[in-house]
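Engineer: Numbering (my numbering), first residue to last: 20 to 984. Beta carbons: idealized from backbone N, C-alpha and C, even for Gly. Predicted model, so just to flag it, every value in this text is computed and none were measured.
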Amino acid sequence: MISAFESMVRRYPQRTCFTYVDEVGCETSYSYREVRMLAAALARHLQARGVQRGDCVAVDLPNCSLYVLLMLAAAYGSFTLVAMNNRLTPGEKLTRLLELERCPDVRVSFRVDEDAAQALFDRAIALLAGEDRADSATSRATRPSFMARTAAAVAEPRSSRGLGRASSQRATRRRRDETQRQDALEEIIHFAERSAHVFDAKNRALIMFTSGSTGKAKAVSLAWSQLCGAAEASNATLCGSDGGVWQAALPLCHVGGFQVIVRSFLAGSQFVLYRHFDAKRLLSDAGRVRATHVSVVDKMLQDLLVADDSGVLRQYRCILLGGSAANPQTLSQAKMAGARVYVSYGMTETSSQMAHAQVTSSFDGGLRLLPGYEARIVDPDAQGFGRLAVKGPGVFGGYLNARAAYTVDGLFLTGDTAALANGRLYVKERTADMFVSGGENVYPAEIHDKLVRIPGIADAYVFGVPDPQWGRRPVAFVERAYDDAVPQTHSQALSAPSASAAHGQLTPQQFSASVRTSLAPRLSKLYQPRCICVLDRFPRTGVGKVDRSALEALYDKRIEVTRITLHRIRLPFIQPFKMAKGLLRSRESILVEVQDHAGRTGLGECVAFETDWYLPETLDQDERVLKEVLAPVVLSEVYLHPSEVGASFARCAEAAGFPLAQGALEPALWDLYGKIVGKPLWQLIGGQANEDGVGKETAGKGKAPRTSAAASPTVAVPAGAVVGIGSPRDTVEAVRRCVEAGYRRVKLKVAPGSAPAVCAVREAFPQTMLTLDANQSFMERDLDELRVLDGCGAAWIEEPLDARCAPTVGPADLFARLARLQRTLSTPLCLDESIARPHDLARALQYPELRCYALKIAKMGGVQPSLDFLRLAQSRGLSVWMGGMYDTGVSKRLHAAFETLPGIDAPGDIGATARYFATEVTDPPYTVERGLVTLGRSGYEYGLGCDLNRVALSSVLVESMVAAR
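And the structure:
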């Protein structure tokens with residue numbers, strides 16, 4: 020390769036060698052002379068830093084100019100590049116380097132990462148300019164620009180003849196500087212010429228790690244002869260005599276991207292290197308730079324097809340498609356677009372491409388081997404498929420950290436299943452992907468092929484999972500096609516796999532069901548996937564291939580419920596609790612317990628009452644809906660994320676009128692998911708904590724600013740307490756106990772006639788945050804007393820007007836009445852039980868005067884609907900706080916977790932259960948210390964942060980009901 024490059028330098032020193040497009044789209048072009056001088060200077064500098072012939076230099080960089088220069092520097096300096104995947108974590112990178120350190124003939128003597136890249140570039144320029152070490156350390160701010168220094172450093176020396184006497188000293192200095200620079204340039208040129216003369220193509224050029232998708236990452240050692248042999252075979256069949264112009268958008272840390280550069284150097288042709296792949300940018304550049312070739316993977320080709328509004332793809336002579344098995348739908352779209360796509364087969368161990376075929380109407384999957392390559396099928400079956408063994412100019416000699424498999428006569432066993440027919444190679448899949456189910460061999464590639472032919476599916480991934488009956492069963496992930504998908508980032512794809520339901524599209528479960536219906540006649544029962552998981556976007560590696568490990572890890576974190584238990588309990592109040600609508604002596608509710616396939620559990624609570632005094636939904640009704648409607652849905656589904664649950668409930672028309680039932684089961688799956696992924700619920704929903712560990716403080720207290728979710732699962736949030744209706748004296752004493760216990764807010768239950776008690780409390784506690792809850796006990800005729808309450812400085816008055824008693828004059832609609840009342844009062848009116856159904860919320864939002872809402876998660880139908888409401892409330896500037904329902908520690912912890920969210924501006928009704936009930940059914944007990952509720956205590960860090968106290972539960976249990984998968 021170096022001789023071909025040196026030839027181009029001699030013939031066309033000023034011709035553009037390559038152009039680099041950085042992350043913001045700025046272009047930098049390099050001539051052959053500039054590239055030669057910079058690469059040779061880099062080699063000299065690395066030698067001075069102790070890099071010896073045969074040593075390794077680890078390159079931990081994204082696509083950039085320096086990467087290309089280091090490729091040539093490795094040839095000039097006879098050292099080896101170790102291509103590190105820049106997208107890996109520091110731990111993964113370290114593991115790979117440690118693997119190499121254990122190899123006897125490998126010495127990694129230098130590492131180049133993004134932090135060191137600029138300094139390395141600067142040093143190369145300094146060498147070319149003849150600068151001493153002190154000059155090269157001068158602040159970048161005082162130097163000319165990088166490109167100016169590069170151009171000056173490699174430019175031909177200029178004569179100083181003709182200067183006047185007045186400039187003699189400057190001329191002398193200039194001559195000295197130019198002499199130094201000329202000496203430096205000549206030294207670098209001589210170094211490059213000597214290096215090219217002694218270059219040995221048998222030297223190891225590159226160490227590149229396999230993706231590790233089928234095991235640990237293997238270190239592949241490739242010599243210059245192998246890289247160049249493979250590139251020459253590719254050029255001979257794809258590039259023609261002029262070499263063409265390549266657009267290099269694949270990562271250089273992958274062999275497919277690396278080889279685009281090698282092919283261009285060997286062909287003496289210009290190329291354009293991109294920091295990042297951007298379909299629109301590539302297409303807009305194609306005509307301007309007269310690009311003829313581009314190497315892509317399936318996802319990149321899909322993006323190009325979507326972005327190609329002007330038919331630019333037809334202009335390419337070759338769109339080289341690799342990375343994985345060809346997607347029939349993508350190929351079909353490419354043919355319709357008139358794109359010349361060449362499907363290829365290759366791997367790191369073969370120096371990338373070793374076989375290809377143009378996709379035409381007659382394409383049947385068969386590929387032609389490139390010149391010099393040989394393939395053989397070992398142990399073929401009746402159809403001719405067996406283990407693929409290959410040899411050829413690009414095939415490596417073995418792994419550095421593992422054993423490679425070879426036939427007795429030296430052919431490399433690739434690990435793929437393939438067949439040879441009529442001189443063509445038909446690659447099926449990796450042999451390691453095959454698994455046995457019920458005594459039969461199952462090939463995931465066959466299922467994949469059927470899936471991607473179903474309309475609406477852009478891509479698929481199939482793998483085997485353990486099954487108690489069949490040994491192993493296939494599981495499928497499918498990626499929606501563009502027309503059916505909601506765009507998401509990579510992180511969103513892993514945290515909340517589908518947002519489709521919110522956009523009026525099929526839910527993941529509906530889409531999965533439709534896919535299963537389409538698949539049924541196409542596959543035998545043996546090949547039918549155990550479950551089909553739907554994503555809007557697949558996670559992908561830096562090269563754009565499906566991240567198989569990420570998908571399998573996502574499946575491992577699935578929500579697969581096998582058992583649902585409903586515990587109906589009755590908790591007597593310590594003292595009867597008086598409120599506007601009556602006297603409560605006991606609280607009956609249903610605790611929902613879900614258990615998954617691994618025995619992990621999650622908890623929820625149905626907070627409906629025995630009668631419809633509060634909402635038109637009773638406990639008996641919800642018990643029936645939970646048992647007969649919602650539990651069967653959950654037991655029949657597999658969810659990737661609890662945000663999908665509400666959408667699957669929405670398919671059940673019978674459940675539409677029972678949000679409290681939905682709000683009992685859906686949160687249990689969030690709790691379960693927290694235990695699956697090892698996160699507390701407050702972090703799962705996006706909560707934040709102060710630096711002091713407090714999740715939310717009352718506004719105006721001057722506490723530390725809120726930060727992103729902390730690494731610790733423990734967080735504390737402030738609680739409010741509720742005091743029932745009583746005499747002024749009794750009410751003041753009750754409030755005193757709350758204040759002394761540290762409660763940040765006290766809610767007083769009120770009704771007509773309660774004003775004296777409220778006034779007494781305000782007088783006794785002028786600084787305490789008070790709120791009032793009327794439970795719809797007033798009417799318009801009570802306006803005078805409401806004005807008295809308005810003067811007590813409460814933060815809000817909750818639900819003052821009786822919904823059943825409309826006035827004879829004025830509006831009859833409750834929200835219109837509340838809006839009219841709000842215009843006469845300065846204290847905000849807060850909505851609670853007036854919103855019994857989703858359509859009630861829509862009506863309330865039509866009145867801008869009503870700006871305060873009590874959020875009760877069960878009333879919203881669960882966690883995800885509540886999060887959706889909070890986003891809406893924030894966009895409208897509404898005030899939201901967390902309400903309560905005389906609930907147990909299960910529901911209270913759920914509401915406490917929500918207090919960590921931005922936009923929850925006051926302590927909620929999350930006081931200690933011991934204030935009302937003698938029995939605590941959760942473990943650890945739900946308590947409030949100094950006015951704070953602590954979530955994620957030691958031993959209970961994840962999900963809600965509690966389990967059921969079985970002993971206490973048995974003492975208050977009315978009945979238990981079980982449903983199982």
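Alpha carbon to alpha carbon, how far is Asn-82 from Arg-499?
Structural biologist: 29 Å
Engineer: Just list the beta strand (DSSP E) runs in the stretch 248–336, keeping only unbroken ones of 3 residues or longer that don't cross its boundaries, in chain order.
Structural biologist: Entirely contained in the stretch 248–336, the beta strand (DSSP E) runs reaching 3 residues are, in chain order, 265–267, 290–293, 312–316.
Engineer: When the Cα atoms are used, what is the spatial distance from Met-901 to Pro-548?
Structural biologist: 43 Å
Engineer: Taking its Cβ as the centre, do 16 or more other Cβ atoms sit within 10 Å of Asp-986, making it buried, or is it exposed?
Structural biologist: The chain is shown only over 20 to 984; residue 986 falls outside these bounds and no answer can be derived.
Engineer: Three-state secondary structure (DSSP) at His-209?
Structural biologist: helix
Engineer: Tell me where the beta strand (DSSP E) around Leu-767 begins and ends.
Structural biologist: 764–768
Engineer: Take the Cβ of Thr-526 as the centre, count every other Cβ of all protein chains shown within 10 Å, and call the residue buried at 16 or more, exposed below.
Structural biologist: Thr-526 comes out buried.
Engineer: State yes or no: is the C-beta of Leu-225 within less than 8 Å of the C-beta of Leu-246?
Structural biologist: In contact: Leu-225 and Leu-246 (Cβ atoms closer than 8 Å).
Engineer: Tell me where the alpha helix (DSSP H) around Gln-528 begins and ends.
Structural biologist: Start and end: 527–538.
Engineer: Tell me which same chain residues have a C-beta within less than 6 Å of the C-beta of Ala-62, skipping the five on either side of it?
Structural biologist: Ala-92, Tyr-95, Gly-96
Engineer: Rounded to the nearest angstrom, what separates Arg-2 and Glu-212 at their Cα positions?
Structural biologist: There is simply no residue 2 to check, as the chain begins at 20 and stops at 984 in what is shown.
Engineer: Would you decide whether Ala-1038 is buried or exposed? Buried here means 16 or more other CB atoms lie within 10 Å of its CB.
Structural biologist: No information on residue 1038 is available, as it lies outside the stretch 20 to 984 that the chain covers here.
Engineer: Indicate whether Val-127 and Glu-120 have their beta-carbon atoms separated by less than 8 Å.
Structural biologist: When the beta-carbon positions are compared, Val-127 and Glu-120 come within less than 8 Å of each other.
Engineer: Looking only at C-alpha atoms, which of Leu-805, Val-43, Ala-793 sits nearest to Asp-297?
Structural biologist: Val-43
Engineer: Let me confirm a value: Ile-280 is counted as buried when at least 16 other C-beta atoms fall within 10 Å, else exposed. Which label applies?
Structural biologist: buried
Engineer: Excluding five sequence neighbours on each side, which residues of the same chain lie with their C-beta closer than 7 Å to the C-beta of Tyr-51?
Structural biologist: Met-27, Val-28, Tyr-31, Pro-32, Arg-34, Cys-36
Engineer: Say whether the stretch 672–681 touches the stretch 563–570, bearing in mind that this needs 3 or more beta-carbon pairs closer than 8 Å, one atom from each stretch.
Structural biologist: no
Engineer: Mind listing, in chain order, the continuous alpha helix (DSSP H) runs of no fewer than 4 residues lying wholly within the stretch 393–438?
Structural biologist: You should have found no qualifying run.
Engineer: Strictly by DSSP, which residues pair up with Leu-85?
Structural biologist: Its beta-bridge partners do not exist; DSSP assigns none.
Engineer: Taking Cys-871 as part of the beta strand (DSSP E), name the residues at either end of that continuous run.
Structural biologist: 871–874
Engineer: Are Ile-578 and Tyr-480 touching if we call contact CB-CB under 8 Å?
Structural biologist: no
Engineer: Residue range of the beta strand (DSSP E) that Gly-73 falls in?
Structural biologist: Per DSSP, Gly-73 belongs to no beta strand (DSSP E) and is neither H nor E.
Engineer: State the DSSP-derived secondary structure class of Trp-900, mapped to helix, strand or coil.
Structural biologist: strand
Engineer: Identify, in the order they occur along the chain, each residue of the same chain with its Cβ nearer than 8 Å to the Cβ of Arg-491, setting aside the five sequence neighbours on each side.
Structural biologist: Phe-454, Val-455, Ser-456, Val-461, Gly-483, Val-484, Pro-485
Engineer: Just confirm the distance between the C-beta atoms of Gln-764 and Ala-925, as a whole number of angstroms; I'd bet it's less than 8 Å.
Structural biologist: The identity of residue 764 in the sequence shown is Arg, whereas the question assumes Gln. Correct: roughly 6 Å between the Cβ atoms.
Engineer: Would you mind sorting Cys-824 into buried or exposed? The rule is 16 or more other CB atoms within 10 Å of its CB.
Structural biologist: Exposed, since its Cβ has fewer than 16 Cβ neighbours within 10 Å.
Engineer: When DSSP labels each residue in this structure, what does Ser-910 get in the three-state scheme?
Structural biologist: helix
Engineer: Could you check the C-alpha separation between Asp-966 and Pro-699 for me, to the nearest Å?
Structural biologist: Approximately 13 Å, taken between the alpha carbons.
Engineer: Is the distance from the Cβ of Gly-403 to the Cβ of Ala-374 below 8 Å?
Structural biologist: no
Engineer: Pick helix, strand or coil for Leu-542, following the three-state DSSP scheme.
Structural biologist: coil
Engineer: If we count the other Cβ atoms within 10 Å of its Cβ and call it buried at 16 or more, is Ala-401 buried or exposed?
Structural biologist: Exposed: under 16 other Cβ atoms inside 10 Å.
Engineer: Is the stretch 103–121 close to the stretch 300–319, with three or more CB pairs under 8 Å?
Structural biologist: no
Engineer: Buried or exposed: which applies to Met-20, given that a residue is buried once 16 or more other Cβ atoms fall within 10 Å of its Cβ?
Structural biologist: Counting Cβ neighbours within 10 Å, Met-20 comes out buried, since at least 16 surround it.
Engineer: Tell me which residue opens and which closes the beta strand (DSSP E) that Cys-671 is part of.
Structural biologist: Cys-671 -> no beta strand (DSSP E), and no H or E assigned at all.
Engineer: Buried or exposed for Gly-772, going by 16 or more other Cβ atoms inside 10 Å?
Structural biologist: exposed
Engineer: Looking at Thr-584: is its Cβ nearer than 8 Å to the Cβ of Glu-612?
Structural biologist: Contact flag set, yes.
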